[in-house]
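Engineer:
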Amino acid sequence: MKKIVLTGGGTAGHVTPNIALIERLREEDFEISYIGSYEGIEKGLIEKLGIPYYGISSGKLRRYLDIKNLSDPFKVLKGMREANKLMKQLKPDVVFSKGGYVTVPVVFAAHRHKIPTIIHESDMTPGLANKLCIPKADKVCCNFSETLEYLPEGKAIHTGTPLRKELFA
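Using my numbering, you'd call the opening residue of the sequence shown number 1 and step up by one each time.
In structure tokens form, the structure reads like this:
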């Protein structure tokens, strides 16, 4: 049985495509785990599906002045340590990242442990977390063909967004 770790969070937009993937991955008999933040929206959405959920420390990487800019880098470093530990523990065959600041430690840890990583970018231009993760990823999927111009040639593929079966009912 192949093992996959899904990651993504901060907003439901970073989680719902993973939920669509979970349906298909279950059909293909994958062992699925999810890494998100301790208190993010993703926790409740994923646990409802009966998927093992692992929380890590995460801090937002802001590009503007905010008092949290003093503490959040330490949260990211803690998240890196926790993600490294989880990669050793879970030993996934692949990591799929949907974006959001919680994914940065997970993708970096996967790269460090030589675990293939796929990123999905839903927006026209990559967000900050995905920009940081793209150099560490093996493949980058995107919704729009126009997004390919912002992604490394040979690494990017236009796939669209995973959709849940309920949309077709």
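Glycine is no exception: its CB is placed at the ideal position from the N, C-alpha and C atoms.
Keep in mind the model is a prediction, meaning the values are calculated, not measured.
#1: Tell me the rounded alpha-carbon separation between Gly55 and His113.
#2: Per the DSSP calculation, Lys3 is bridged to which residue(s)?
#3: Can you have a look at Ser97 and say buried or exposed, based on whether 16 or more other CB atoms are within 10 angstroms of its CB?
#4: Look at the alpha carbon of Thr16 and the alpha carbon of Leu70, and state the distance between them as a whole number of angstroms.
#5: Taking the straight line between their C-alpha atoms, what separation do you get for Leu77 and Glu146?
#6: Just to confirm the assignment: which complete beta strand (DSSP E) runs, minimum length 3, are found wholly within the region 90-160?
#7: Quick one: what's Ile56 bridged to in DSSP?
#8: Exposed or buried, which one is Gly44 when buried takes at least 16 other CB atoms within 10 Å?
#9: By how many angstroms is the C-alpha of Gly59 removed from the C-alpha of Lys68?
#10: Taking the alpha carbon of Asn18 as the reference point, which residue from His120, Phe108 and Glu39 has its own alpha carbon closest?
#11: Counting Cβ pairs closer than 8 Å, one from the region 149-158 and one from the region 2-10, do we hit at least three?
#12: Taking just the CA atoms, how far does Phe168 sit from Arg26?
Structural biologist: With the given structure in hand:
#1: Straight-line Cα distance between these residues: approximately 19 Å.
#2: Glu31
#3: buried
#4: 31 Å
#5: 34 Å
#6: 94-97, 117-121, 139-142 and 156-158
#7: Note: Ile56 sits in a beta bridge opposite Ser37.
#8: exposed
#9: 9 Å
#10: His120
#11: no
#12: 19 Å
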